[in-house]
Amino acid sequence: MSRLKIYSTNVSRESILRERAAAYQQLSSREKIEQLFSLIQVSVSLNGGKPLKYPQGKGVVISRKNH
């Protein structure tokens with residue numbers, strides 16, 4: 001399971017983002033998927049055991065972002 005890291009308010013947001021991006025790039029594909037599932041599990045437990053989103057029966061929907 002992942003660790004919670006608490007940052008000082010003196011650290012700039014950009015340096016935190018760079019550190020997180022570098023750590024993410026070092027992960028294997030399997031580790032990235034495992035972290036995703038872990039995050040989903042935490043979000044469900046924090047939401048009282050209910051998922052944040054439910055399937056809508058539309059299958060895979062691919063849409064383009066409007067700029």
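Residue numbers for the sequence shown follow full-length UniProt numbering, beginning at 1 and rising by one. Ideal Cβ positions, reconstructed from N, Cα and C, are used throughout, including at glycine.
Residue ranges of uninterrupted beta strand (DSSP E) with 3 or more members are absent from the stretch 18-66; none lies entirely inside it. For Ile-16, the three-state secondary structure derived from DSSP is helix. Between Val-60 and Pro-51 the beta-carbon gap is near 18 angstroms, outside 8 angstroms, which marks them as no contact. Taking C-beta separations shorter than 8 angstroms and ignoring five residues to either side along the sequence, Gly-49 has no partners in its chain.
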